[in-house]
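To convert a position in the sequence shown, counted from 1, into our numbering, add 6. Note that the Cβ used here is the ideal one computed from N, Cα and C, for glycine as well. Every value quoted in this text rests on a predicted model; they were computed, and no experiment measured them.
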Amino acid sequence: MKIKKTIPTLGVILGAVFIIAALYFRQDLSRSVGGVIFGIGGAILGVNLTELIGRILLERNPAKAAQQRIEQHDERNVAIRDKARAKTLEIAKWLILGLAFLSILADSPLWFTLSITLIYLLIYIIEWIFQSQLLKKM
Numbered sequence: 007m008k009i010k011k012t013i014p015t016l017g018v019i020l021g022a023v024f025i026i027a028a029l030y031f032r033q034d035l036s037r038s039v040g041g042v043i044f045g046i047g048g049a050i051l052g053v054n055l056t057e058l059i060g061r062i063l064l065e066r067n068p069a070k071a072a073q074q075r076i077e078q079h080d081e082r083n084v085a086i087r088d089k090a091r092a093k094t095l096e097i098a099k100w101l102i103l104g105l106a107f108l109s110i111l112a113d114s115p116l117w118f119t120l121s122i123t124l125i126y127l128l129i130y131i132i133e134w135i136f137q138s139q140l141l142k143k144m
């Protein structure tokens, strides 16, 4: 079975381009901008290289690929993933709220504190919308 590898390959190329650009233009860019470009390139490269290697290994082992596809769509595994995502969202909400309180205690600029609070409210509103939709379905 042929597994598509186009997107991870493009991601590896894009990540490498970011890293090379950060290294090539390091004299022209400020240190922080160069570091951010290098970090983004490294993250893109790492994620897509891992995905590409995984797809290549699955292509070489069709039985493992079929087993993984079955496990991925298994009802029990789907429920476990959904529960884990819900718990992660709860933890993230508390961390964002804690960050807002820390920004108040640290006497950060008002725009920063309000931005964090707005992110928290957006997460809460989106969660509420999804809960309403799921309640209507069930």
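### Task
Since I believe isoleucine 102 is in contact with isoleucine 122 (beta carbons under 8 angstroms), could you give me their beta-carbon distance rounded to a whole number of angstroms?
Indexing the sequence shown from 1 puts residue 122 at position 116. Indexing the sequence shown from 1 puts residue 102 at position 96. Rounded, the Cβ-Cβ distance is 6 angstroms, consistent with contact.
### Message
If distances are taken between C-alpha atoms only, which option among Val53, Gly60, Ala92 comes closest to glutamine 137?
### Response
Your numbering for residue 137 matches position 131 in the sequence shown. For the residues Val53, Gly60, Ala92, the minimum Cα distance to glutamine 137 belongs to Ala92.
### Task
Could you tell me the boundaries of the alpha helix (DSSP H) in which asparagine 83 lies?
Numbered from its first residue, the sequence shown carries residue 83 at position 77. Its alpha helix (DSSP H) spans residues 81 to 111.
### Task
Would you mind sorting phenylalanine 24 into buried or exposed? The rule is 16 or more other CB atoms within 10 Å of its CB.
Here residue 24 corresponds to residue number 18 of the sequence shown, with the count starting at 1. Flag for phenylalanine 24 reads buried.
### Cβ-Cβ distance between phenylalanine 44 and leucine 29 below 9 angstroms
Walking along the sequence shown from the start, residue 44 turns up at place 38. Walking along the sequence shown from the start, residue 29 turns up at place 23. Contact flag set, yes.
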